[in-house]
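The structure appears right after this line, and notes come after that.
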Amino acid sequence: MRYSTQLSDAVHILAYIAVFSPTEAITSDALAASIETNPTNVRKIMGKLRQSDLIHTVNGQARPTLNRPVEEITLHDVFTSIQGGAKLIEVDEHTNPRCIIGANIQQTLEKEYARLQQAAEDAMRKVTLADILRSISASAISSDPNSQDIVGAFL
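Read in order, the letters of the sequence shown are residues 4 to 158 in the working numbering.
Here you go:
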């Protein structure tokens, strides 16, 4: 089973914009190199972030900006921007209705998965881009003290 990394990539893009937009141009090629994906994927994700009003871009200019302070952008904002109304966990709808388990597992799992979905979304509402940037900054400075100049403002 393949899982989507678009949420992680979207948070990566937002963090990169927060750190580098004040000082340098940010192209989809630069973002793609940082994420290790292709520029088309970056542009697709940025389009979703723009539609959700999390970022502002101008065609032909490599200067995307965040539309809100990092303290006001939550993981839930990014999740709904990228995933829309998608569920984190899906029930397999193709089970054998002639089997006692297959015939009854779906409604049981739907109830449990809905509870887990709500808990995950509630937790995502509590994590901000500022929290993510603080952690990234601490880790970066720990491994390379010279990165203080780049990310120190987010500690």
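Idealized CB from N, CA, C, for every residue including glycine.
Asked                                                                                                                 : Found
Cβ contact check for the region 74 to 81 and the region 43 to 50: 3 or more pairs under 8 Å                           : no
Where F59 falls: helix, strand or coil (DSSP)                                                                         : According to the sequence as given, residue 59 is His; it is not Phe. It is a strand residue.
Minimum C-alpha distance to T131 - residue among T8, Q121, N149, H15                                                  : H15
Where the alpha helix (DSSP H) containing K129 begins and where it ends                                               : It is not in any alpha helix (DSSP H) - K129 carries neither H nor E in the DSSP assignment.
Separation of I29 from L78, as counted between CA atoms                                                               : 22 Å
Neighbourhood of Q120 by C-beta distance below 8 Å, restricted to the same chain and skipping five residues each side : K90, L91, I92
Under the three-state DSSP convention, the category L91 falls into                                                    : coil
Where L69 falls: helix, strand or coil (DSSP)                                                                         : strand
Rounded C-alpha distance that separates G63 from S31                                                                  : 11 Å
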